[in-house]
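Below is one structure, written out as structure tokens, with a few remarks after it.
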Amino acid sequence: KTAAELRERYGVTVTEVVGDVSKPEVQKALLAACPEPDILVNNNGGPPLRDFRTLDREKILEGVTQNMVTPIELVQA
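Per this note's numbering, the very first residue in the sequence shown carries number 3; after that it's consecutive.
And the structure:
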């Protein structure tokens with residue numbers, strides 16, 4: 003929907019890539035669609051707001067992957 007709105011409103015080319023960008027195969031598809039991006043905007047909402055003391059290791063690593071590792075990997079690519 004958003005891509006169609008951008009195309010219609012601004013007359014620009016928009017290529018959609020849908021998926022979890024923390025997954026290597028989605029990163030590959032994203033970079034194939036836009037091999038030389040000028041800017042990276044990480045709009046990951048992150049994990050739900052809660053007391054960090056209640057998070058288990060899996061949730062901590064998930065948050066770090068989404069908000070730190072993934073953007074670093076995309077910049078390095």
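Just so you know, even glycine gets a beta-carbon here, dropped at the ideal spot from N, CA and C.
Please read these numbers as outputs of a predicted model, since none were measured by experiment.
{"Query": "Taking 8 Å as the cut-off, does the segment 9-26 touch the segment 47-60 (at least 3 CB pairs, one atom from each stretch)?", "Result": "no"}
{"Query": "Okay, do the segment 52-72 and the segment 23-32 touch, 3+ Cβ pairs below 8 Å being the bar?", "Result": "yes"}
{"Query": "Roughly how many whole angstroms lie between the Cα atoms of Thr72 and Ala34?", "Result": "16 Å"}
{"Query": "Within a Cβ cutoff of 6 Å, which residues of the same chain sit near Ala79, ignoring the five residues on either side of it in sequence?", "Result": "Leu33"}
{"Query": "Quick one: what does DSSP say Ala79 is sitting in, helix, strand or coil?", "Result": "coil"}
{"Query": "Rounded to whole angstroms, what is the Cα-Cα separation between Arg11 and Leu57?", "Result": "43 Å"}
{"Query": "Using alpha carbons as the reference points, say which of Glu75, Ala5, Thr4, Leu8 lies closest to Asn44.", "Result": "Glu75"}
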